[in-house]
Structure formats: structure tokens, C-alpha cells
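Be aware that the sequence shown starts at -15, since it is given in this note's numbering, and climbs by one per residue. Cβ atoms here follow ideal geometry from the backbone N, Cα and C, with glycine treated the same way.
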Amino acid sequence: MNKNPHLAYTSIVPEIKGNSSIRRVIILLHGYGSNMKDLASLSEYIEDDDNLYVSINAPIKLVDFGAQSFAWFEIGPIEDMEQRKYSVQKSTDLILNTINHIINVFNTDSTPIVLAGFSQGGMMAMNIALTSDQKFDGVAALSSRLITNPSNKINNLNFFISHGTKDNVIDISEGHNTRDLLEKYGHNVKYKEYDMGHEISADCLTDFTIWLKSIN
């Protein structure tokens, strides 16, 4: 039995030429009700060469949402908070196991890692960066919110936070709150908002690319 199980994932491996190598690993975490194929396509729109993109599939299958719908943790009544905490921790452990697996498979132990997620995937990305010992060179949370209170234990991380002013799933106020709390605890935050709903726009991807190039 595998003591460190990893999740399913899909990878987009760069075409390395000459003496160059993988510049950075970008881990992508999809939103609630989606799957690993959703964010994998973002690699086509990020104008930055030699990145290894790995889109990870969440572990919880959503039976009522369709055959290819998954979640990182359950969404339910407030009385289910203990179950939610358990799911968040279990998914956190599985994501970290998967990242370690990816590092071994692609021999990228000294390569910068950026963790990026949309909606619930962004919640997981921030939770992992703020609570684990794994080093991340950057964290991007797109149309998301904090589910973890920052602490003084970990600071000076690079964050890209984006949100739509017309988001009717996660209100724009959550974006403001995320930005303010991260800055309060000493993190480097690039915050951008757009005239959009609960989505990722072309302008958002352009700004994400600019931020990505600025952090290393």
C-alpha cells in the first residue's frame, strides 16, 4: 500500500532546447465542480516559456454534478464545519504528496514552484501556502477567498489576487478582505480586479503573466 498516495493530474511539459531546463513548475488547482482538464488549457494563454504546468484533479467526486465533477472539500451547512475541516486537511495532504511526486518524476527539486487556483482551488492554494512547510515562489488565487487565517509563522510570500467586480458566487468584498489580511501579515500582494463575474478573463491572464515574470 502506498503510504504517500498522490492525486491524478495532467501535465504540459515544455519543449526544452539546448542547455535550458524547466524554468518553473506551475501547479493548477481547479474550482468546485470542475476537473483537472479545466485549468490545463490556461498554459496556452500564459506568455512565458519553459514552464511545466501540472493541473491536479480534486479527490471528491460530486455525484449530482456529472461524471467529471470534483471538489477539494464539501460545501454545506455550518454544522458540517468539522467535516469540512477534515476534507480541507485531507486534500491539503494529497496535494502536497502530489507535488512531491511531480518533483521526483520531473527532477525539479530545485525549480521554483508557483501554486495557482481558481475559486475553491484558490482557497486550497492559499491554505497550503500559509500552513505547510513546502516552499512556494508564488501563489495565485483567482476569484477566491481565504479559508485560513494568516499567521506570523509564514510571511513574505508573493501573492497574485484577482477578482471580478460582478462576481455573484464569491463577492468582491472577499477579494478585498483577502488582500488586506495578506498585506497585514507581511506578504507581497499584487491585487487586480476586473469588470467580470466569477471567471478568468483575458486581462486577468495578461496580468498574471506579468506578475509571474516579476517574481523570479
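When the options are compared against residue i, the one with the closest alpha-carbon
i	options	result
Glu28	Val(-3), Gly50 and Trp56	Val(-3)
Asn73	Asp64, Leu130, Thr95 and Trp56	Correcting the residue identity first, residue 73 is Gln in this sequence and not Asn. Gln73 has its Cα closest to that of Trp56, out of Asp64, Leu130, Thr95 and Trp56.
Lys119	Ile11, Gly17 and Ser198	Ile11
His85	Ile199, Gly181, His(-10) and Asn200	His(-10)
Gln52	Gly17, Leu36, Gly60 and Gln67	Gly17
Ser150	Lys168, Met180, Glu167 and Asn142	At residue 150 the sequence reads Lys, which differs from the Ser that was named. Of the candidates Lys168, Met180, Glu167 and Asn142, the one whose C-alpha sits nearest the C-alpha of Lys150 is Met180.
Asp93	Ile194, Asn200 and Val9	Val9
Bounding residues of the beta strand (DSSP E) (the contiguous stretch that carries residue i)
i	result
Arg8	Arg8 to Leu13
Ser(-5)	Tyr(-7) to Ile(-4)
Gly148	Asn142 to Gly148
Gly217	An answer regarding residue 217 cannot be provided, because it is not within the stretch -15 to 200 covered by the chain.
Ser39	Asn35 to Ile40
Leu126	Gly122 to Leu126
Same chain, Cβ closer than 6 Å to residue i, neighbours up to 5 away in sequence not counted
i	result
Asp191	Lys176
Ser146	Leu126, Lys176 and Cys188
Gly105	Leu13, His14 and Gly15
Leu196	Asp32
Thr162	Arg129, Leu130 and Ile145
Start and end residues, alpha helix (DSSP H) containing residue i
i	result
Glu66	Met65 to Phe90
Ser157	Ile156 to Lys168
Lys176	Run containing Lys176: none in the alpha helix (DSSP H); it sits in the beta strand (DSSP E), Asn172 to Tyr178.
Ala51	No alpha helix (DSSP H) contains Ala51, which DSSP labels as neither H nor E.
Ser5	Here Ser5 belongs to no alpha helix (DSSP H), and DSSP marks it neither H nor E.
Lys201	Outside the shown range of the chain (-15 to 200) lies residue 201, about which nothing can therefore be said.
Leu46	Note, Leu46: premise wrong, no alpha helix (DSSP H); not H, not E.
Sequence-distant residues of the same chain with beta carbon closer than 8 Å to residue i, five excluded per side
i	result
Asn140	Gly170, His171 and Asn172
Leu165	Leu130, Asn133 and Pro134
Lys168	Pro134
Proximity below 8 Å, CB of residue i to CB of residue j
i	j	result
Tyr253	Gly159	With the chain running from -15 to 200 in the structure shown, residue 253 is simply not present.
Ile112	Ile79	yes
Thr115	Ile6	no
Asn142	Gly122	yes
Own chain residues within Cβ distance below 7 Å of residue i, not counting five before or after
i	result
Asp64	Glu58
Met20	Ala(-8), Tyr(-7), Thr(-6), His14, Ser39, Ile40 and Asn41
Ser198	none
Are at least three pairs of beta-carbons, each pair with one atom in the segment 96 to 104 and one in the segment 172 to 181, less than 8 Å apart?
no
Can at least three beta-carbon pairs, one atom from the segment 135 to 143 and one from the segment 83 to 95, be found at a separation below 8 Å?
no
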